[in-house]
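Engineer: Here the numbering used here is used: the first residue of the sequence shown is 13, the next is one more, and so on. Below: one structure in C-alpha cells.
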Amino acid sequence: MTASLPLVAIVGRPNVGKSSLFNRILRQKKAITHDRSGVTRDSLFGEVTHLEKPFTMVDTGGLVLETPQELEEEILEQAREAIYAADLILFVVDGRQGLTGMDEDVCAYLRQSGKDVVLVVNKVDGPELEETLATEFYALGFPLTCVSAAHGFGISVLQDLIEERLPVVAAEEKDPRPRLAMAMLGRPNAGKSSLINALVGTNRLIVSPVAGTTRDSVDVSFVREGTRYVFVDTAGIRRRTRIDDDLEQYSVIRALQAARRADVVVFVLDGSQELSAQDKRLISYLDREKIPFIVAVNKTDLIPRYELRTRQQDIRDALAFCGHAPLIFISALKQRGVNKIVPLAGKLVKQCMARIGTGELNRLVKMVTERHQPPMVKGRRLKMYYLTQAKSTPPTFVFFVNDPALVKPSYAKYLENQLRKFFRLDMVPLKIVFRGSH
Ligand code: GDP
Ligand code: GDP
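As C-alpha cells, then:
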C-alpha cells in the first residue's frame, strides 16, 4: 500500500504544458501503447520517489474526461479541487504566450486559498529567454521559476523549490500484522460513516492522524482475526462539521488520492436515489486508473420490495462498463449485507496480487485461439506469439503479436474474458497490452 505522501497538483489552462511537465518530473516518457482497445491509458497520478522527499503528483489536465461545454468553468473547477486536496500547487503558465485572462482567473482562486503556490513559467526553452518571458508574471506575486518542460531546462531548480515546500512525512508506524487498507468513497450522506460503524461493530477501533499532510485526515482501523483493516483518509467522516465538507468530500482529486492509498475502494451509493452523473464520473475514474473497487448500494431498506429487482437491474446496467467490479446491495442501518464486505475485499486483494506462470498463459493462448481464431483485418490475420504477465497489482498481461493494429476490440474483449475465466480474475481490473515484434 502506498503511504500517505504529500500531494503536488499541477494546475493551469490547456496547452501550457502541464502534462509535459508531469512527465518530465516523473522522468518517464509517456508509454507508447500499441493497444487498440483502449485498455491502457496514461495515468493522472504519479509517484515521485527519486527525490529526497517523495510526493504524489496529479496532472489536473488529465481530469477533463469529456469535452466540457464551458472549458473555463471546468478548469476553475479543477483548480478548486486542487486547492482542497493539494499540499502544494504548481501553477503553470505559457511564457511564450504571455499572461492571459484565464491565467488571471486561475490565479485569483489560488490566491484566495492561502495554499502554497509555485508559479511555473513554462516554454522558456533556454536561460537567455528567462528575462524577456518571465517579466510580466512577477506581478502575480507568487514565487516564480522558469522551466522548459520539453527540453529539461530549469527542472532541477523547480524540484528544489518543491522539496523546500513539502511537509515532512513521518515514518509510518510499524505494525507486524498484515493490513488491508480500504477507502470509502461516495457522496455525502450515502452512508459511509454508518457503514464504517457497522463494520467496526465491537471490534477494536484505532484512530490515527495521517502524518505529512496539511489536511485534517485520519485513518480509522480495526483488527479482526489477526488482520488490521484500515479505512484511509476518512476526514469528514468522524468530524461532523460540514461547513465546507460537501465539496471537499466529493472532490475527484481527493477521492482518487484516498483510493490510491487503499488496497480496495468501497464505493458507497445511496440506493434510494438515482445514480448521479458525479457518481458515474468517479466510478469511471476508478475504472480508468485500474483501482480495485466494490460498489456497495446502500439504504436498500428504503426501496420498496416490489421495486427492488428493477432498481438492482438499473444499477447493473448503468455500471455495465465496469462489469468486473463486485456489486452488492446492503443496508448499513439494518446491518444487512454488511458482513460481505471484508471477505470480498480480501478476495479482491488476492486477485490483484495474482501471479500466473508463462507456461499456463501460453497454454491458454493456444486453447483460446484454436477455439476462436482472430478475425481477418484487411486480408491479414493477427498472430499471437507469446503471452506474459508483466506485473501484478493490478495484473498486467502483455501479448506479443505480429501487429497490434490487427487486434479488434471485440477480440481483445474475448481474450480478456478468457483470462478472467481461466485464472479466476473475475473481480479485479486487468491491464492488457498488445505489443508488436519489431
Ligand atoms: P497541457 O494541455 O497543459 O497538458 O499541455 P501539453 O503538455 O499537452 O503541451 C501543450 C503543447 O506545448 C505541446 O505541443 C507541447 O509540445 C508544447 N510544450 C510543452 N512544454 C514545452 C516547452 O517547454 N517548450 C516548448 N517550446 N513547447 C512546449
Ligand atoms: P456519509 O456522509 O456518507 O458518511 O453518510 P452517513 O453515514 O452520515 O449517513 C447519512 C444519513 O443516511 C444518516 O442519516 C444515516 O442514518 C442514513 N443512513 C445511512 N445508512 C442507511 C441505511 O442503510 N438505511 C437508511 N434508511 N438510512 C441510512
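Glycine included, C-beta positions come from ideal geometry on N, C-alpha and C.
Can you tell me whether residue 365 is buried or exposed, with buried defined as 16 or more other CB within 10 angstroms of its CB?
Structural biologist: Classification of residue 365: exposed, given that the 10 Å Cβ count is below 16.
Engineer: Determine, using beta carbons only, whether residue 36 and residue 161 come nearer to each other than 7 Å.
Structural biologist: Contact: yes.
Engineer: Apart from the five residues just before and just after residue 404, which ones in its own chain have a Cβ nearer than 8 Å to its Cβ?
Structural biologist: Excluding positions up to five away in sequence, the list reads 364, 365, 366, 367.
Engineer: At a threshold of 6 Å, does residue 429 count as lining ligand 4 (C-beta to nearest heavy atom)?
Structural biologist: Ligands present in the displayed structure are limited to ligand 1 and ligand 2, and ligand 4 is not among them.
Engineer: Compare the Cα-Cα distances from residue 124 to each of 302, 153, 62 and report the closest residue.
Structural biologist: The shortest Cα separation from residue 124 among 302, 153, 62 belongs to 153.
Engineer: Just jot down, in chain order, the residues whose CB lies closer than 6 Å to any heavy atom of ligand 2.
Structural biologist: In chain order, the hits are 198, 200, 201, 202, 203, 204, 205, 206, 249, 310, 311, 313, 314, 343, 344, 345.
Engineer: Pick from 100, 317, 401, 427: whose alpha carbon is nearest that of residue 180?
Structural biologist: Selected option, being the one with the closest Cα: 100.
Engineer: Assign residue 357 to one of two classes, buried (16 or more other C-beta atoms within 10 Å of its C-beta) or exposed (fewer than that).
Structural biologist: Buried is the call here.
Engineer: May I ask whether a heavy atom of ligand 1 can be found less than 6 Å away from the beta carbon of residue 162?
Structural biologist: Yes, Cβ of residue 162 sits closer than 6 Å to a heavy atom of ligand 1.
Engineer: What residue range is occupied by the uninterrupted beta strand (DSSP E) comprising residue 20?
Structural biologist: Element bounds for residue 20: 19-23.
Engineer: Terminal residues of the continuous alpha helix (DSSP H) containing residue 323?
Structural biologist: It spans 317-330 - the alpha helix (DSSP H) in which residue 323 sits, taken as one unbroken run.
Engineer: Do you know how far the Cα of residue 445 is from the Cα of residue 51?
Structural biologist: Residue confidence is low: residue 51 scores 30 on pLDDT, short of 50, so the model does not pin down where it sits. Its coordinate-derived value is still stated next. Their Cα atoms are separated by approximately 7 Å.
Engineer: From the DSSP secondary-structure annotation, give me the bridge partner or partners of residue 149.
Structural biologist: Paired residue(s): none; residue 149 is not in a bridge.
Engineer: Should residue 209 be counted as a contact of ligand 1 given a C-beta to heavy atom distance under 6 Å?
Structural biologist: It does not: the Cβ of residue 209 is nowhere closer than 6 Å to a heavy atom of ligand 1.
Engineer: Do residue 412 and residue 376 have their CB atoms nearer than 7 Å?
Structural biologist: No, these two residues do not count as a Cβ contact at 7 Å.
Engineer: So is the beta-carbon of residue 28 under 6 Å away from any non-hydrogen atom of ligand 1?
Structural biologist: Because some heavy atom of ligand 1 lies under 6 Å away, the Cβ of residue 28 counts as near it: yes.
Engineer: Here's the rule: buried if 16 or more other CB atoms are within 10 angstroms of the residue's CB, otherwise exposed. What is residue 402?
Structural biologist: With fewer than 16 Cβ atoms within 10 Å of its Cβ, residue 402 is classed as exposed.
Engineer: Run the proximity test for residue 369: is its beta-carbon closer than 6 Å to any non-hydrogen atom belonging to ligand 1?
Structural biologist: No, ligand 1 has no heavy atom inside 6 Å of this Cβ.
Engineer: Can you tell me where the alpha helix (DSSP H) with residue 358 in it begins and where it stops?
Structural biologist: Residues 353-364.
Engineer: Which ranges would you report for the beta strand (DSSP E) in the region 352-429 if only whole runs of at least 3 residues count?
Structural biologist: With a minimum length of 3 residues, the continuous beta strand (DSSP E) runs that stay inside the region 352-429 are 396-403, 408-413.
Engineer: Just to confirm before moving on: does the CB-CB distance between residue 271 and residue 310 stay below 7 Å?
Structural biologist: The answer is no: Cβ separation not under 7 Å.
Engineer: Restricting to Cα atoms, I'd like to know which of 126, 234, 414, 407 is closest to residue 301.
Structural biologist: Among 126, 234, 414, 407, the Cα nearest to that of residue 301 is on 407.
Engineer: Over the uninterrupted alpha helix (DSSP H) stretch that includes residue 118, give me the two end residues.
Structural biologist: Run containing residue 118: 113-125, per the alpha helix (DSSP H) assignment.
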